[in-house]
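Visitor: Shown below is the structure under consideration.
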Amino acid sequence: MQNSLEIITCSYGPDLDRCRRLCESIDRHVSGDIRHALVVPARDYKDFISLANERRSVRVVEEVLPSGYRQLPWSDRWWVDNRGWPVRGWMMQQLAKLSADKVTEAELILFADSDLVFVRDFDIALVYSEDLLRLRREPGSAPSRDHIAWHCRSAELLGLAPGYGGSDYVGQLVTWRRSQLVAMKAHIEQLGGRPWHRLFARSLRCSEYTLYGMYVEHVARERHGHFYEPGELCHCCWFSEDVESLASQQSRIADGSIALLLQSNIGLSAARENAIVKSARAQLALGEGGLAA
Numbered sequence: 001m002q003n004s005l006e007i008i009t010c011s012y013g014p015d016l017d018r019c020r021r022l023c024e025s026i027d028r029h030v031s032g033d034i035r036h037a038l039v040v041p042a043r044d045y046k047d048f049i050s051l052a053n054e055r056r057s058v059r060v061v062e063e064v065l066p067s068g069y070r071q072l073p074w075s076d077r078w079w080v081d082n083r084g085w086p087v088r089g090w091m092m093q094q095l096a097k098l099s100a101d102k103v104t105e106a107e108l109i110l111f112a113d114s115d116l117v118f119v120r121d122f123d124i125a126l127v128y129s130e131d132l133l134r135l136r137r138e139p140g141s142a143p144s145r146d147h148i149a150w151h152c153r154s155a156e157l158l159g160l161a162p163g164y165g166g167s168d169y170v171g172q173l174v175t176w177r178r179s180q181l182v183a184m185k186a187h188i189e190q191l192g193g194r195p196w197h198r199l200f201a202r203s204l205r206c207s208e209y210t211l212y213g214m215y216v217e218h219v220a221r222e223r224h225g226h227f228y229e230p231g232e233l234c235h236c237c238w239f240s241e242d243v244e245s246l247a248s249q250q251s252r253i254a255d256g257s258i259a260l261l262l263q264s265n266i267g268l269s270a271a272r273e274n275a276i277v278k279s280a281r282a283q284l285a286l287g288e289g290g291l292a293a
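Residues in the sequence shown are numbered consecutively from 1, following the UniProt record's numbering.
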């Protein structure tokens, strides 16, 4: 499906209400010809299937991942592979994103997390122009210790010199090419001599977005089909002080932001999250003549 785009959301039971809010915002702000896939654990499928509609499918993560992964019955956050090796939930979500080629045939993939909500209309021209797909790339950003570890592990998987690769690729509404994802996994397997998912899952610290970004920039190079762009398409509230700044109108959603992220682990109640989203929409409506109301 050349040049078609699909949104993919990896979610799970505790984020059901957030995911429902995301879905409502997608149906409101994203053209109906852009499909949306939810990828959830088998145990949560019965709760998420109510979100399916003409444009939205619900997939079971165990059917998307390479065979053998199963969720521990007493935990939302721990899985094991077919050899009994434990895999943390956040790593499983990364594996699910790296398996996006099993979810969709669309060449253009946009990832939208459950704790995100669209607040402006999405125009595909924001991410796709002249046959090139946007890749968030922030060159020269000051890397944290975690980011350096992600770069070092990604370099190891990709056969590159160890160390910081020079750019940051982590963000929200990240876009990938399906063909490059498939090529990257084949490259990792050729170098590592083992299935890509085993090599990645044994990483103590790694980032799927860093891995893909480094592959595009340093391995695929001019053949990658992307254009680079810094900055975010999303107003991100990573910490409670970010939330308070937005709620008190000390900060505002920038003109270039089409979505709002309220990081799920901040600990806000559902009512508080919904109130902040409602307030943000009202601010946008006031500034844009009611377009975002």
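We treat Cβ as the ideally placed atom computed from N, Cα and C, and that holds for glycine.
A quick note: this is a predicted structure, and the numbers were derived from the prediction, not measured.
#1: If I measure Cβ to Cβ from residue 4 and keep anything under 7 Å in the same chain, skipping five residues before and after, which residues do I get?
#2: Using the rule of at least 16 other Cβ atoms within 10 Å of the residue's Cβ for burial, across every protein chain shown, is residue 204 buried or exposed?
#3: For residue 273, which residues in the same chain have their Cβ closer than 6 Å to its Cβ, ignoring the five residues on either side in sequence?
#4: State the DSSP-derived secondary structure class of residue 119, mapped to helix, strand or coil.
#5: For my contact list, residue 137 and residue 167 are in at a C-beta cut-off of 8 Å; report their separation, rounded to the angstrom.
#6: Please classify residue 150: is it buried, with 16 or more other beta-carbons within 10 angstroms of its beta-carbon, or exposed?
#7: So residue 335 is in the beta strand (DSSP E); what residue range does that whole segment cover?
#8: Report all residues from its chain with a CB closer than 6 Å to the CB of residue 181; omit the five preceding and five following residues, and keep chain order.
#9: Rounded to a whole number of angstroms, what is the C-alpha to C-alpha distance between residue 291 and residue 285?
#10: Leaving out five residues on either side along the sequence, give the residues of the same chain with a beta carbon under 7 Å from the beta carbon of residue 190.
#11: Does the region 160–177 come close enough to the region 223–233 to have 3 or more Cβ pairs within less than 8 Å?
#12: Who are the near neighbours of residue 239 in its chain, counting only those whose CB is closer than 8 Å to its CB and skipping five residues on each side?
#13: Does DSSP classify residue 75 as helix, strand or coil?
#14: May I ask which residues mark the beginning and end of the beta strand (DSSP E) holding residue 40?
#15: According to DSSP, is residue 49 part of a helix, a strand, or is it coil?
#16: Near residue 76, which residues of its chain fall below 7 Å by C-beta distance, leaving aside the five closest residues on each side in sequence?
#17: Excluding the 5 residues flanking residue 162 on each side, which residues of the same chain have their C-beta closer than 6 Å to its C-beta?
#18: Please give me, in chain order, every unbroken run of the beta strand (DSSP E) with length at least 3 that falls completely inside the region 242–288.
#19: From residue 293 to residue 278, what does the alpha carbon distance come to, in whole angstroms?
#20: Distance, Cα to Cα, residue 33 vs residue 39?
#21: Would residue 271 pass as a contact of residue 112 if the rule is Cβ separation under 9 Å?
#22: Do you know whose CA, among 58, 217, 127 and 36, lies nearest residue 46's CA?
#23: Among 7, 50, 30 and 119, which residue has its Cα nearest to the Cα of residue 36?
#24: So within the region 97–184, which uninterrupted beta strand (DSSP E) runs reach at least 3 residues, ignoring any that extend past its ends?
#25: What separation, rounded to the nearest whole angstrom, lies between the Cα atoms of residue 201 and residue 95?
#26: Kindly indicate which three-state DSSP category residue 296 falls into: helix, strand or coil?
#27: Buried or exposed: residue 49, going by 16 or more other Cβ atoms within 10 Å of its Cβ?
#28: Can you check DSSP and say which residues form a bridge with residue 86?
Guide: Quick answer:
#1: In the sequence shown, counting from the first residue as 1, residue 4 sits at position 4. Same-chain partners within the cutoff: 106, 107 and 108.
#2: The residue given as residue 204 occupies position 204 in the sequence shown. Residue 204 comes out exposed.
#3: Taking the sequence shown and counting its residues from 1, the one referred to as residue 273 is at position 273. Answer for residue 273: 262, listed in chain order.
#4: Translated into positions along the sequence shown, residue 119 becomes position 119. Of the three classes helix, strand and coil, the one that applies to residue 119 here is coil, per DSSP.
#5: Along the sequence shown, read from residue 1 onward, the residue named residue 137 stands at position 137. Along the sequence shown, read from residue 1 onward, the residue named residue 167 stands at position 167. About 5 Å; that satisfies the 8 Å criterion.
#6: Working through the sequence shown from its first residue, we reach residue 150 at position 150. Buried, since its Cβ has 16 or more Cβ neighbours within 10 Å.
#7: Residue 335 lies beyond the range of the chain shown here (1 to 293); nothing can be said about it.
#8: As a first step, residue 181 is located in the sequence shown; it is residue number 181 there, counting from the start. So the list reads 101, once near-sequence residues are dropped.
#9: Locating residue 291 in the sequence shown gives position 291, counting from the first residue. Locating residue 285 in the sequence shown gives position 285, counting from the first residue. Low confidence applies here, because residue 291 scores a pLDDT of 43, under 50, leaving its location unreliable and the question unanswered by this model.
#10: In the sequence shown, counting from the first residue as 1, residue 190 sits at position 190. Once the five neighbours on either side are set aside, residue 190 has no close Cβ partner at all.
#11: yes
#12: Translated into positions along the sequence shown, residue 239 becomes position 239. Cβ within range, chain order: 263 and 266.
#13: The count along the sequence shown starts at 1 and reaches residue 75 at position 75. In the structure shown, the three-state DSSP call for residue 75 is coil.
#14: As a first step, residue 40 is located in the sequence shown; it is residue number 40 there, counting from the start. It spans 35–40 - the beta strand (DSSP E) in which residue 40 sits, taken as one unbroken run.
#15: As a first step, residue 49 is located in the sequence shown; it is residue number 49 there, counting from the start. Note: residue 49 maps to helix in three-state DSSP.
#16: Locating residue 76 in the sequence shown gives position 76, counting from the first residue. Taking C-beta separations shorter than 7 Å and ignoring five residues to either side along the sequence, the partners of residue 76 in its chain run 12, 13, 14 and 89, following chain order.
#17: Here residue 162 is taken as the residue at index 162 of the sequence shown, counted from 1. If you ignore the 5 residues before and after residue 162, its C-beta comes within less than 6 Å of the C-beta of 152 and 155, all in its own chain and listed in chain order.
#18: Entirely contained in the region 242–288, the beta strand (DSSP E) runs reaching 3 residues are, in chain order, 259–262.
#19: On the sequence shown, residue 293 is found 293 positions in, with the first residue counted as 1. On the sequence shown, residue 278 is found 278 positions in, with the first residue counted as 1. Low local confidence applies: a pLDDT of 40 at residue 293 is under 50, so the model's placement there is unreliable, with the coordinate-based value given in what follows. So the two alpha carbons sit approximately 9 Å from each other.
#20: By 1-based counting over the sequence shown, the position of residue 33 is 33. By 1-based counting over the sequence shown, the position of residue 39 is 39. One C-alpha to the other measures close to 19 Å.
#21: Sequence index remark: in the sequence shown, residue 271 carries index 271 (1-based). Sequence index remark: in the sequence shown, residue 112 carries index 112 (1-based). Cβ atoms of residue 271 and residue 112: not closer than 9 Å.
#22: Along the sequence shown, one-based indexing puts residue 46 at 46. Of the residues 58, 217, 127 and 36, the one whose Cα lies closest to the Cα of residue 46 is 58.
#23: Reading the sequence shown from its first residue, position 36 is the one you call residue 36. Looking at the Cα atoms, 7 is the closest of the given residues.
#24: Taking only runs of at least 3 residues, the beta strand (DSSP E) segments lying wholly in the region 97–184 are 108–111, 116–118, 132–136 and 175–177.
#25: Translated into positions along the sequence shown, residue 201 becomes position 201. Translated into positions along the sequence shown, residue 95 becomes position 95. When rounded, the distance between both Cα atoms is 7 Å.
#26: Absent from the model: residue 296. The displayed extent of the chain is 1 to 293, so no value can be given.
#27: Start at 1 with the first residue of the sequence shown, and residue 49 comes out as number 49. Flag for residue 49 reads exposed.
#28: One-based indexing of the sequence shown puts residue 86 at position 86. Bridge partners of residue 86: 80.
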